[in-house]
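Numbering (the working numbering), first residue to last: 1 to 349. Where a beta carbon is used, it is the ideal one built from N, C-alpha and C, also for glycine. Input: a single structure, listed below in structure tokens.
Quick look at the structure:
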């Protein structure tokens, strides 16, 4: 017998004569994972197919050049499709369709077969009560923009599982935060032999988030804060006997409940907190002395952020943070107003 070596995807083939074979008879399916979370992987039994098609059994067999090309065509002429391959349970039926391009080869043909899922391990069930007991959740930030800080106190092997909360980043006080049931969570549990119980729905009460007024009129001591902003403007631009004198004019005040993410707002500090009240001032700067002259005109933005309400809708002014920045004379008052409207502010009437 003439023999010639051929390597095709770790398969060695030997030429020979045979009748057309139904390729579906050579498809094997392996089931892995947990029951109800199983996966199916279909492969061709190349050893059996090689023996039946080409009378090949040994890695030392060889094929001539013509046979090599023929075999390469065979192994690139078919596709295998499963009607379902994930979230399988023992007893499920999987239909397999093998499609062969008969224009390429007559040695194999298309076919179908049905297999029954079996051999999947029964997982341990993770319950809502177990998760509610093992997860320690602190809620941080502002109500309406709250974020969940999760500490996992499970023992191994569950201590490395990453849990997430639905609607994280938009949580509100007094609502129920729920654990997100994601594909990643199911897969991570399946790897360690766990699955979620049928009615898995751990919930946690959201509390402790700062309350920021939706409307500026909700602030009970609003007039005090306005006065503080005006005093801050006068302090920032206080006349100096030898340097400058200032004319300070308040144009309008503006309020914003939530910081607008991904904006290029300059607050003049490191804070991007929620609950901001600002005054937009026109500042005219004059030289000091008897022969005083107008030297510059610009717009100052002065105010406070972190304006948080207590149970009586009163703000603890000691916890507010300063906002202080300015725009030079290349910015008109109208453009500054539009700029801050773009940052989410509305005028306080």
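Is residue i helix, strand or coil when you go by DSSP?
{"i": "residue 374", "result": "Residue 374 cannot be examined here, being either before or after the span of the chain that is shown, 1 to 349."}
{"i": "residue 37", "result": "coil"}
{"i": "residue 228", "result": "helix"}
{"i": "residue 196", "result": "strand"}
{"i": "residue 336", "result": "helix"}
{"i": "residue 298", "result": "strand"}
{"i": "residue 325", "result": "strand"}
{"i": "residue 11", "result": "At residue 11 the pLDDT is 39, less than 50, meaning the model places this residue with poor confidence; the figure from the coordinates comes in the next sentence. Looking at residue 11 - three-state DSSP - the assignment turns out to be strand."}
{"i": "residue 176", "result": "strand"}
{"i": "residue 149", "result": "strand"}
{"i": "residue 54", "result": "helix"}
{"i": "residue 47", "result": "helix"}
{"i": "residue 70", "result": "helix"}
{"i": "residue 344", "result": "coil"}
{"i": "residue 277", "result": "strand"}
{"i": "residue 247", "result": "strand"}
{"i": "residue 242", "result": "coil"}
{"i": "residue 287", "result": "strand"}
{"i": "residue 262", "result": "coil"}
{"i": "residue 209", "result": "coil"}
{"i": "residue 236", "result": "helix"}
{"i": "residue 186", "result": "helix"}
{"i": "residue 170", "result": "coil"}
{"i": "residue 191", "result": "helix"}
{"i": "residue 217", "result": "helix"}
{"i": "residue 129", "result": "helix"}
{"i": "residue 365", "result": "Because the chain in this structure spans residues 1 to 349, residue 365 falls outside the shown range and cannot be described."}
{"i": "residue 331", "result": "coil"}
{"i": "residue 140", "result": "strand"}
{"i": "residue 156", "result": "coil"}
{"i": "residue 305", "result": "strand"}
According to the Cβ coordinates, are residue i and residue j closer than 9 Å?
{"i": "residue 209", "j": "residue 172", "result": "yes"}
{"i": "residue 24", "j": "residue 110", "result": "yes"}
{"i": "residue 245", "j": "residue 286", "result": "yes"}
{"i": "residue 254", "j": "residue 278", "result": "yes"}
{"i": "residue 117", "j": "residue 138", "result": "no"}
{"i": "residue 31", "j": "residue 144", "result": "no"}
{"i": "residue 275", "j": "residue 212", "result": "yes"}
{"i": "residue 75", "j": "residue 48", "result": "no"}
{"i": "residue 149", "j": "residue 160", "result": "no"}
{"i": "residue 195", "j": "residue 186", "result": "yes"}
{"i": "residue 132", "j": "residue 202", "result": "yes"}
{"i": "residue 46", "j": "residue 73", "result": "no"}
{"i": "residue 297", "j": "residue 329", "result": "yes"}
Kindly list the residues whose CB is nearer than 8 Å to the CB of residue i, restricted to its own chain and excluding five residues on each side of it in sequence; keep chain order.
{"i": "residue 197", "result": "125, 126, 127, 128"}
{"i": "residue 190", "result": "33, 34, 37, 123"}
{"i": "residue 21", "result": "49, 52, 53, 107, 108, 109"}
{"i": "residue 166", "result": "177, 178, 179, 180"}
{"i": "residue 170", "result": "144, 145, 146"}
{"i": "residue 1", "result": "Its pLDDT being 33, under 50, residue 1 is placed unreliably in this model, and the coordinates cannot settle the point."}
Return the Cβ separation of residue i and residue j in integer angstroms, given the expectation that the two are a contact with Cβ distance under 8 Å.
{"i": "residue 108", "j": "residue 157", "result": "Between residue 157 and residue 108 the Cβ distance is about 45 Å, and since that is not below 8 Å, they are no contact."}
{"i": "residue 252", "j": "residue 280", "result": "5 Å"}
{"i": "residue 306", "j": "residue 321", "result": "5 Å"}
{"i": "residue 299", "j": "residue 331", "result": "6 Å"}
{"i": "residue 234", "j": "residue 225", "result": "That pair is no contact at about 15 Å."}
{"i": "residue 206", "j": "residue 239", "result": "Going by Cβ atoms, the distance from residue 206 to residue 239 rounds to 50 Å, so no, they are not a contact pair."}
{"i": "residue 221", "j": "residue 348", "result": "Wrong, their Cβ atoms sit about 14 Å apart, outside the cutoff."}
I'd like the list of long-range same chain contacts for residue i, defined as Cβ closer than 7 Å, with 5 residues on each side in sequence excluded.
{"i": "residue 324", "result": "236, 268, 302"}
{"i": "residue 214", "result": "257"}
{"i": "residue 242", "result": "288"}
{"i": "residue 273", "result": "259, 305, 306, 321"}
{"i": "residue 153", "result": "134, 136"}
Tell me which same chain residues have a C-beta within less than 6 Å of the C-beta of residue i, skipping the five on either side of it?
{"i": "residue 95", "result": "83, 114"}
{"i": "residue 250", "result": "279, 281"}
{"i": "residue 232", "result": "302"}
{"i": "residue 265", "result": "343"}
{"i": "residue 200", "result": "128"}
{"i": "residue 130", "result": "none"}
Just checking: is the beta-carbon of residue i within a distance shorter than 9 Å of some beta-carbon in chain D?
{"i": "residue 213", "result": "The displayed structure is made up of one protein chain only, and chain D is not part of it."}
Next item on the list: Inspect the CB distances between the region 241-260 and the region 334-344 and report whether three or more fall short of 8 Å.
Entry: Yes, the region 241-260 touches the region 334-344.
Check: Can at least three beta-carbon pairs, one atom from the region 29-47 and one from the region 72-88, be found at a separation below 8 Å?
Finding: With a cut-off of 8 Å, the region 72-88 and the region 29-47 count as touching, because enough Cβ pairs lie within range.
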